[in-house]
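Numbering of the sequence shown is given in the numbering used here, commencing with residue 1 and proceeding in unit increments. By construction, the Cβ of each residue, glycine as well, lies at the ideal position given by its N, Cα and C atoms. Treat the numbers as computed from the prediction; the structure is a model and nothing was measured.
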Amino acid sequence: MIQENLEWVKSRIIAAAEKVGRLPESIRLIAVSKTVSVEKVIEAREAGAKLFGENRVQEALEKIDRLGQGGAGWHFIGHLQKNKVKQIVGRFDLIHSVDSVGLAQVINEKSLARSLITPILIQVNISGEASKSGLAPDALESALRVVAKMPAVKVEGLMTIPPYDPDPENSRSVFARLRELRDEMVELRMESICLSELSMGMSNDFAVAIEEGATLVRVGSAIFGDRPAAG
Ligand SMILES: *Cc1c(COP(=O)(O)O)cnc(C)c1O
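Here it is, written out as structure tokens:
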């Protein structure tokens with residue numbers, strides 16, 4: 001089942017990329033394995049999944065400890081509390097969900113202490129939905145200017161989560177806005193800020209996100225099946 005699902009998702013990634021003249025290789029698939037057992041993660045890895053996304057520190061670290069860093073990349077995609085940063089520095093290839101300058105500051109400190117540079121994305125709350133984390137779009141420039149001076153974090157791009165909508169077309173404007181915002185920030189030519197990654201798109205809307213420029217899609221249930229409610 002996981003193998004078929006994965007093949008289906010990959011073929012849709014290729015189709016969406018080709019539809020807008022992008023190279024399919026410019027899009028990386030993150031198999032979101034939150035709440036999924038280690039056995040299923042192994043199955044997905046054997047079926048060709050290379051990157052896994054987790055949103056809870058404890059659960060993620062248990063999986064990484066059991067599976068090892070080798071052969072799979074791990075991305076942290078969930079809301080991150082400052083007091084958990086110390087545990088995850090050095091364990092993830094990318095943190096997608098940095099939603100405040102204060103959090104970036106803690107990641108910088110803990111990374112410096114271990115002589116590491118931690119790659120991050122800045123999460124932006126495009127829709128302004130109260131229940132979603134992320135910086136307001138008009139706070140992004142000043143945040144990037146501060147984060148640019150932190151020696152042990154490397155900003156690689158932006159991430160967003162649109163309000164849930166069963167019709168992916170209704171999320172298109174959110175994805176397009178994240179891309180435009182990225183382009184505006186790139187125009188400012190801030191030193192040491194690279195914004196090549198756009199993390200956007202989940203199971204029900206990743207094709208639309210790719211059409212709007214996603215380079216990282218975070219797909220869970222379309223690969224692993226539905227999660228238990230509230231998972
Ligand atoms: C759970 C989750 C996903 C995956 O959601 P699906 O709808 O199962 O694909 C993607 N991004 C984040 C931040 C998540 O928490």
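Item to check | Distance cut 5 Å, beta-carbon to ligand 1 heavy atom: residue list by chain order | outcome: V32, N55, I77, M202, S203, R218, V219, G220 and S221
Checklist entry - What are the boundary residues of the beta strand (DSSP E) that includes L144? => result Segment L140 to V147 is the alpha helix (DSSP H) holding L144; no beta strand (DSSP E) there.
Checklist entry - Considering only the beta carbon of each residue, do H75 and H96 sit closer than 8 Å? => result yes
Item to check | Counterpart residues of V101 in DSSP-defined beta bridges | outcome: None; V101 has no bridge partner.
Checklist entry - So, helix, strand or coil for M1, using DSSP? => result coil
Checklist entry - For V174 versus S203, is the C-beta spacing smaller than 8 Å? => result no
Checklist entry - With 16 as the cutoff for other CB atoms within 10 Å, does D205 come out buried or exposed? => result buried
Next on the checklist: Taking its Cβ as the centre, do 16 or more other Cβ atoms sit within 10 Å of D247, making it buried, or is it exposed?
Outcome noted: Here the chain covers residues 1 to 231 and nothing more, so residue 247 does not appear.
Checklist entry - Using CA coordinates, which residue listed in E54, E197, Q3 and D138 is at the minimum distance from A47? => result Q3
Item to check | Straight-line gap, T215 to G225 (C-alpha atoms, nearest Å) | outcome: 23 Å
Item to check | Run of the beta strand (DSSP E) containing F76, from where it starts to where it stops | outcome: G73 to F76
Item to check | Whole-Å CB distance - L94 paired with P119, under 8 Å assumed | outcome: 5 Å
Next on the checklist: With a threshold of 8 Å, are at least 3 pairs of Cβ atoms found where one atom belongs to the segment 60–67 and the other to the segment 10–23?
Outcome noted: no
Checklist entry - Does the count of Cβ pairs from the segment 130–140 and the segment 82–94 closer than 8 Å reach three? => result no
Checklist entry - How would you call K110, buried or exposed, if buried means at least 16 neighbouring beta carbons within 10 angstroms? => result buried
Checklist entry - How many Å lie between I42 and L67 at the Cα? => result 8 Å
Checklist entry - Which of the three DSSP states, helix, strand or coil, is assigned to L67? => result helix
Item to check | Where the alpha helix (DSSP H) through Q123 begins and ends | outcome: Careful: Q123 lies outside any alpha helix (DSSP H), inside the beta strand (DSSP E) at T118 to Q123.
Item to check | C-alpha gap between N170 and A209, whole angstroms | outcome: 11 Å
Checklist entry - Does the distance from the C-beta atom of N108 to that of M150 stay below 8 Å? => result yes
Next on the checklist: On a Cα-Cα basis, can you pick out the residue from L103, R28 and S115 that is closest to S199?
Outcome noted: R28
Next on the checklist: For R56, which residues in the same chain have their Cβ closer than 8 Å to its Cβ, ignoring the five residues on either side in sequence?
Outcome noted: K34 and G78
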